[in-house]
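To keep things clear, I will list the structure first and then write my remarks on it.
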Amino acid sequence: MPQLSLCLAALCLLAAPARGQVPADQTPLDQYLQKADDSYSWKIISEKTVGGVHLIVVDMISQTWRTAEEVDRPQWQHWLTLAIPEKVRSETGLLFIGGGANGRQPPAAPNERIMQISQATGTLVAELSMVPNQPLVFHQDGQRRTEDDLVGYTWDQYLRTGDPTWPARNPMVKSALRAMDTMTAVAAAPAGGEQTVNKFVVAGGSKRGWTTWLTGLDPRVVAIVPIVIDVVNAEPSMKHHFAAYGFWAPAVGDYVAHKIMERLDHPRLTDLYRLVDPYYYRHRLTMPKYILNAAGDQFFLPDSSQFYFDELQGEKYLRYVPNADHGLGGSDAQESLIAFYSTIVSGRPRPRFSWSEQADGAIRVVAEDAPGEVRLWQANNPEARDFRLETLGPKYTSSVLESEGDGVYIGRVAQPEQGWTAYFVELTYDVGAPVPLKLTTSVRVIPDVLPYQEKRPDLPTTISIVCEAESEEAAKKIVGSQAEIAQRLDVANFTASCFGKRCYFNWKPQDELERPVVMLTEYLKQQKCKSFQCQLESGAGTTGAKP
């Protein structure tokens, strides 16, 4: 895993197209980002100074996206909160891309995290909210769409029309570009101390992590931290998801509802990926990259980096956080982000190490810079190739690895007696920041077998609920009420079966996915069932059901 020096990174930046120019291999995304939009504006609505840091709240209009006939609120409005030291130590600032809903009162000030990072690094730190703007109602259909439902709707519109301005990623990225414009302008104004901030590290999670990747196309971005968006090179990654589980995880249910998964071979889906997937921009994303992922993510499999990491160009780092899901709650992921950011603004080099996967399954790490600690993390699922925190629980355990000499560390796990084992190596470094920097290898899973490799992922959707009854007799009684349950849910092709205490229910949804799932789950809880799992199936039948 070769590392670039800061000098090389700077040369790459100088070689990037100047702002206002479009690269020779421009895409419709480039064209949308470069298109002038007179609706961009900003104004300061509140400011105060706390602990030597000036806290500013800005009301920003980033753009106008689509027409009033197509969407109920074409103009995108955001709160941009900034923490600016009295004297910044660097011309580089940090932009967090955040979510949230429109129509609420402005924040009183930046949150505590923003202020703490600004104080610790002596730099301008800002958070952009309402990316995407939401909720939105499209085509007067009355549906207030947010998050993945909103994004999935725009993907469906692209598949239907071929109009490259439909994907919501376009305005999401443009809002981040306008936020950088605003950060520079506010810093240069009297309110910001008339200071220069013209380079940026950009970070964001989930859909904002995807947006972070593509914001990196702007030459002002000197480093990126995409968080919990382990789906770069989405086409093989999502097929891998299905081949491992045999169904679609509920986390991606909005894309199932918009029938994206039933159109995996649609030629326009490949075109869509070429428009918005960071994988197809990897030759332009050469700045330092710190990719923060959750080893128990409910959206993405932990070994998803195999589809993109080796092909990324420039300085690149991974961290998989053990026993954490998509929200990274209760983890130290934020500390690692701060440590990485501090190396960028201070000019300190990042640690150098590489790894390779051995024929016997071991992970061999070679550390040019000595880490403070090296650990092997592993988790076993005896039943399924599934390491989601919500299904497996916090099962990752670690052991300290000692050096084999010359900076070599070997992470090796035994072949599991049952099921699958996921494992990776974690290195902890002191980089001169208040908190350590943790880096990891990619995740390996053994045995290297996908149990549903031959199953078709694109059949019409059905839904399964799997649960455990109090006893075998209770399971038989519940399943015996199949006709009553089907009538209560008002769904088609409802089936119920049991094996021991395990109950399996499957049906074809009518209009919506969520309502019957909630109704059935509540009914089964009343019957004292537990250990629920929802599966979005391709075709009829419950994946994993015992005969």
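First residue of the sequence shown: 93, per my numbering; consecutive thereafter. From the three backbone atoms N, C-alpha and C, an ideal C-beta is built for every residue, glycine too.
For this session: Look at the alpha carbon of residue 639 and the alpha carbon of residue 591, and state the distance between them as a whole number of angstroms.
Result: 7 Å
For this session: With residue 329 as the anchor, note down where its alpha helix (DSSP H) starts and where it stops.
Result: 326 to 337
Exercise. Who pairs with residue 319 in a beta bridge, going by DSSP?
Worked result: 297, 384
Problem set entry | Residues that residue 39 bridges to, as DSSP identifies them | The question about residue 39 has no answer here: the residues shown for the chain are numbered 93 through 639.
Exercise. Given a threshold of 16 other Cβ atoms within 10 Å of its Cβ, counted over all protein chains shown, does residue 215 qualify as buried or as exposed?
Worked result: buried
Exercise. Can you give the beta carbon distance from residue 198 to residue 151, rounded, assuming they're within the 8 Å contact cut?
Worked result: 7 Å
For this session: Taking residue 454 as the reference, give the member of 505, 610, 139 with the closest Cα.
Result: 505
Exercise. Just checking my contact of residue 338 with residue 547 at CB under 8 Å: how many whole Å lie between their CB atoms?
Worked result: 6 Å
Exercise. Can you name, in chain order, every residue of its own chain whose Cβ lies under 8 Å from the Cβ of residue 358, other than the five neighbours on each side?
Worked result: 251
Exercise. Among 221, 127, 597, which one has its Cα closest to the Cα of residue 203?
Worked result: 221
For this session: Mind the definition here: the stretch 346 to 354 touches the stretch 318 to 328 only if three or more C-beta pairs lie below 8 Å; say whether that holds.
Result: no
Exercise. What do you reckon, are the CB atoms on residue 380 and residue 407 nearer than 8 Å?
Worked result: yes
Problem set entry | Nearest residue (CA-CA) to residue 128, options 225, 248, 266, 175 | 266
For this session: Pick out whichever of 181, 171, 177 has its Cα sitting closest to the Cα of residue 225.
Result: 171
Problem set entry | Cβ contact (3+ pairs, closer than 8 Å) linking the stretch 602 to 617 and the stretch 536 to 544 | no
Exercise. What are the start and end residues of the beta strand (DSSP E) that includes residue 532?
Worked result: 529 to 532
Exercise. Under the three-state reduction of DSSP, which class applies to residue 177: helix, strand or coil?
Worked result: strand
Exercise. In terms of DSSP beta bridges, what is residue 140 paired with?
Worked result: 147
Problem set entry | Rounded Cβ spacing between residue 445 and residue 519 (contact assumed at less than 8 Å) | 6 Å
Problem set entry | Inter-stretch contact at 8 Å, needing at least 3 Cβ pairs: the stretch 429 to 441 / the stretch 175 to 187 | yes
Exercise. Rounded to a whole number of angstroms, what is the C-alpha to C-alpha distance between residue 283 and residue 173?
Worked result: 13 Å
For this session: Give the secondary structure of residue 168 by DSSP, where H, G and I count as helix, E and B as strand, and everything else as coil.
Result: strand
Exercise. Secondary structure at residue 600, three-state DSSP: helix, strand or coil?
Worked result: strand
Exercise. How is residue 554 classed by DSSP in three states: helix, strand or coil?
Worked result: strand
For this session: Could you pull out every residue in the same chain whose Cβ sits closer than 6 Å to the Cβ of residue 525, ignoring the five residues on either side in sequence?
Result: 431, 434
Problem set entry | Sequence-distant residues of the same chain with beta carbon closer than 6 Å to residue 596, five excluded per side | 558, 589, 634, 637
For this session: Only counting runs of 3 or more residues, tell me where the beta strand (DSSP E) segments fall wholly within the stretch 419 to 462, in order along the chain.
Result: 445 to 449, 455 to 459
Problem set entry | Among 136, 292, 243, the one whose alpha carbon lies nearest that of residue 189 | 292
For this session: May I ask whether a heavy atom of the ligand SAH can be found less than 7 Å away from the beta carbon of residue 588?
Result: No copy of the ligand SAH occurs in the structure displayed, which carries no ligand at all.
Exercise. In chain order, what residues of the same chain lie with their CB nearer than 8 Å to the CB of residue 155, ignoring the 5 residues before and after it?
Worked result: 129, 131, 132, 167, 168, 263, 266, 267, 270
For this session: Report back the beta-carbon spacing between residue 503 and residue 457 to the nearest angstrom; my notes put them in contact at under 8 Å.
Result: 7 Å
For this session: Could you name the residues of the same chain whose beta carbon sits closer than 6 Å to that of residue 240, not counting the 5 residues immediately before and after it, in chain order?
Result: 346
Problem set entry | Pairwise C-alpha distance: residue 176 and residue 213 | 11 Å
For this session: For residue 163, name the three-state secondary structure that DSSP assigns.
Result: strand
Exercise. Residue range of the alpha helix (DSSP H) that residue 501 falls in?
Worked result: No alpha helix (DSSP H) contains residue 501, which is instead part of the beta strand (DSSP E) from 500 to 503.
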